[in-house]
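If you're matching them up, the sequences are chains A and B in order. Sequential numbering from 150 applies to the first sequence in the numbering used here. Sequential numbering from 2 applies to the second sequence in the numbering used here. Virtual Cβ for every residue (Gly too), placed ideally from N, Cα, C. For reference, the structure discussed in these notes is given below.
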Amino acid sequence: TMLGVVTTDAPVTSDLWREMVRISANRSFNQISVDGDTSTNDCIIALASGLAGPVKISSFNSIEGCQLQACLDAVMQGLAKSVAWDGEGATCLLEVVVFGANNEAEAAKIARTVASSSLVKAAVYGRDPNWGRIACAVGYAGIDFDLNDLHLSLGDIPLMRSGQPLPFDRVEASTYLKQAGESHGTVKIHISIGNGRGCGKAWGCDLSYDYVKINAEYTT
Amino acid sequence: VCVDVGTASICIPAAPIVIPEGPWKQIPGGVTAAKGFKAAGLYGGLRAKGEKPDLALVTCDVDAIVAGVFTKNIVAAAPVIYCRNVLKNSNTARAILINAGQANAATGNPGYQDAVECAHSVAQFLQVRQEDVMIQSTGVIGQRIKKEALLNSLPRLVNSLSSTVEGADAAAVAITTTDLVSKSVAIEAEVGGAHVKVGGMTKGSGMIHPNMA
């Protein structure tokens, strides 16, 4: 289960605050996955005291509305990433960034599908730069794209370009994954599927033996 | 973060939270960084094992505009149903009570009444309306809240409320379950010419694939 409480002293109207929280949740907590199980209790409650100023922010399109949304996104993404980083049994955080989609929602869907893939997560734990599993998850995400536009990279190491696998230094790529695991750091996967302006991010973690151990022993 | 009493069993480190770069600066404190907020966390005897804090309270000195996003799981926990019902008719809130240990999910009508009773008791202590109190629960599914232990702890919890970083940290620890780290962060930025603070805390380690609306 994930729970969250967000507070701000920004003066904001009720309707706008609810819309802002909805948007930020979609850009943060709704973009993480540890094990693919949706809890009965997931909940974020966000309170705005309004004590920072007298003038209420009421427009989503105003400068101050955009500024507050950006602040809310930053806090909620930071918190959401920390949940994925602390995933049961995890040795590293997985950050998936998708570019070139038609819109943010499509990019986000692909990113989360990759971050949620058990086979991608297990490969990361095994320090296996398995571009095939990543490409597979991109393909079944339910978003249409031209295979010839697919580019993948692991950190700074390109693995696929224009839908074709690239020669790469397997030891270097595996070392990248190993170092992230040993330092409980971040593995970054970059994906491009076209020339659209939509981009999105998702976060997960690797899948280790410890995940099974923890949940086999946790009585429900 | 060490809170309440000094035993090693209740200490967990804070998560290294990386905030995206932007026109803001990270500041100390989590849910208490913004003006008007207090928080507390303590051990109330709800957890099955250990004496890590398991009860948190976040309050606001004024009627705060409230928003919530909740799991779309049809088998929603009692506190989720309770909060959704309250937010249908109310735009403001004054407090959030959170317990760890029992999820109060799949507990039927008695579980829902537990959530209502807990909100009612907090409201009495804070002298606010019952619908001003939100409830969150986490822990073992299928178990009702250890209500007696919770209610007995409320006076101490309310008396522990603080606008300090320590108050925010204590609350962040108290909401954890299998988490290895507590998760709390705050930022400050200029918004529309005013210095605005946004802070938060979260918990979560397993059963994580949120789908909230």
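Query raised in the report: At a Cβ threshold of 8 Å, is Ser-10/B touching chain A?
Result: As a position in the second sequence, residue 10/B is number 9, starting the count at 1. Any reading at Ser-10/B needs caution, since the residue's pLDDT is 46, under 50, leaving its predicted position unreliable; the model's value is listed next. Closer than 8 Å: no.
Query raised in the report: Would DSSP call Val-166/B helix, strand or coil?
Result: Taking the second sequence and counting its residues from 1, one reaches residue 166/B at position 165. DSSP places Val-166/B in helix when its eight states are reduced to three.
Report task. Use the C-beta contact count for Asn-210/A: other C-beta atoms within 10 angstroms, 16 or more gives buried, fewer gives exposed. Result -> Position 61 of the first sequence holds residue 210/A. Exposed.
Requested in this report: Could you confirm whether any beta carbon from chain A is found closer than 8 Å to the beta carbon of Val-2/B?
Outcome: Translated into positions along the second sequence, residue 2/B becomes position 1. Note that Val-2/B has pLDDT 42, beneath the 50 cutoff, so the model's placement of it is unreliable and no number is given.
Query raised in the report: Should Val-6/B be labelled buried (16 or more other beta-carbon atoms within 10 Å of its own) or exposed?
Result: Along the second sequence, read from residue 1 onward, the residue named residue 6/B stands at position 5. Because the pLDDT of Val-6/B is 42, which lies under 50, any placement of that residue in the model is unreliable, and the question is left without a value.
Query raised in the report: What separation, rounded to the nearest whole angstrom, lies between the Cα atoms of Glu-167/B and Leu-308/A?
Result: Here the question's residue 167/B lines up with position 166 in the second sequence. Here the question's residue 308/A lines up with position 159 in the first sequence. Roughly 46 Å between the two C-alpha positions.
Query raised in the report: Touch check for the stretch 135-150 of chain B and the stretch 34-43 of chain B: three-plus C-beta pairs under 8 Å?
Result: no
Report task. Spell out whether any CB of chain B is found under 8 Å from the CB atom of Arg-171/A. Result -> What you label residue 171/A is simply residue 22 of the first sequence in a count that begins at 1. Answer yes: the Cβ-Cβ gap between Arg-171/A and chain B drops below 8 Å somewhere.
Query raised in the report: So which of Pro-21/B, Ile-28/B, Pro-54/B, Asn-153/B has the shortest CA-CA distance to Ser-231/A?
Result: If you number the first sequence from 1, residue 231/A lands on position 82. For the residues Pro-21/B, Ile-28/B, Pro-54/B, Asn-153/B, the minimum Cα distance to Ser-231/A belongs to Pro-21/B.
**Report entry** Contact set between Pro-223/B and chain A, taken where Cβ atoms lie within less than 7 Å
**Finding:** Outside the shown range of chain B, which is 2 to 214, sits residue 223/B, and nothing can be said about it.
Query raised in the report: Cβ-heavy atom distance between Asp-158/A and the ligand ATP below 7 Å?
Result: In the structure on display, the ligand ATP does not appear, and there are no ligands present to speak of.
Query raised in the report: If you drop the 5 nearest sequence neighbours on each side, which residues of the same chain put their C-beta closer than 6 Å to that of Ala-150/B?
Result: Translated into the one-based positions of the second sequence, residue 150/B becomes position 149. Answer for Ala-150/B: Gly-45, Gly-46, Leu-47, listed in chain order.
Query raised in the report: What does Asn-74/B reach in chain A if we use C-beta pairs closer than 7 Å?
Result: Mapped onto the second sequence, residue 74/B falls at position 73. Residues of chain A passing the Cβ test: Thr-187, Ser-188, Thr-189.
**Report entry** Partners in chain A for Ile-18/B, counting only beta-carbon separations shorter than 8 Å
**Finding:** Here residue 18/B refers to the residue found at position 17 of the second sequence. The contacting residues are Gly-227, Leu-228, Lys-230, Ser-231.
**Report entry** Any chain A beta carbon closer than 8 Å to Phe-38/B
**Finding:** Translated into the one-based positions of the second sequence, residue 38/B becomes position 37. Phe-38/B counts as touching chain A.
Query raised in the report: If we cut at 8 Å on Cβ distances, does Asp-355/A have a partner in chain B?
Result: For the purposes of this step, residue 355/A is taken as residue 206 along the first sequence, with counting starting at 1. By this cut-off, Asp-355/A is not an interface position.
Query raised in the report: Where DSSP assigns a beta bridge to Phe-38/B, which residues make up the other side?
Result: Taking the first residue of the second sequence as 1, we reach residue 38/B at position 37. Per DSSP, Cys-61/B.
Requested in this report: Just mark Lys-62/B as buried or exposed, buried being the case when its beta carbon has 16 or more other beta carbons within 10 Å.
Outcome: If you number the second sequence from 1, residue 62/B lands on position 61. Sequence inspection shows Asp at residue 62/B; the Lys mentioned does not correspond to that position. Asp-62/B comes out exposed.
Query raised in the report: Using 8 Å as the limit for Cβ to Cβ distance, is Ile-99/A near chain B?
Result: Nothing can be reported for residue 99/A, as the shown portion of chain A is limited to 150 through 369.
Query raised in the report: Is Ile-66/B helix, strand or coil by DSSP?
Result: On the second sequence, residue 66/B is found 65 positions in, with the first residue counted as 1. Note: Ile-66/B maps to strand in three-state DSSP.
Report task. Would you kindly work out how many angstroms separate the C-alpha atoms of Glu-255/A and Ser-266/A, rounded to a whole number? Result -> For the purposes of this step, residue 255/A is taken as the residue at position 106 of the first sequence. For the purposes of this step, residue 266/A is taken as the residue at position 117 of the first sequence. Answer to the nearest angstrom: the Cα atoms are 17 Å apart.
**Report entry** Rounded C-alpha distance that separates Cys-3/B from Pro-14/B
**Finding:** If you number the second sequence from 1, residue 3/B lands on position 2. If you number the second sequence from 1, residue 14/B lands on position 13. Reliability fails at Cys-3/B, whose pLDDT of 42 lies under 50, so the model's placement of it is uncertain and the value that follows must be treated cautiously. If you take the alpha carbons of Cys-3/B and Pro-14/B, they lie about 9 Å apart.
Query raised in the report: For Leu-299/A, which of helix, strand or coil comes out of DSSP?
Result: In the first sequence, residue 299/A corresponds to position 150, counting from 1. Reduced to three states, the DSSP call for Leu-299/A is coil.
Query raised in the report: Comparing alpha-carbon positions, which option in Ile-340/A, Ser-177/A, Gly-199/A lies nearest Leu-165/A?
Result: As a position in the first sequence, residue 165/A is number 16, starting the count at 1. Looking at the Cα atoms, Gly-199/A is the closest of the given residues.
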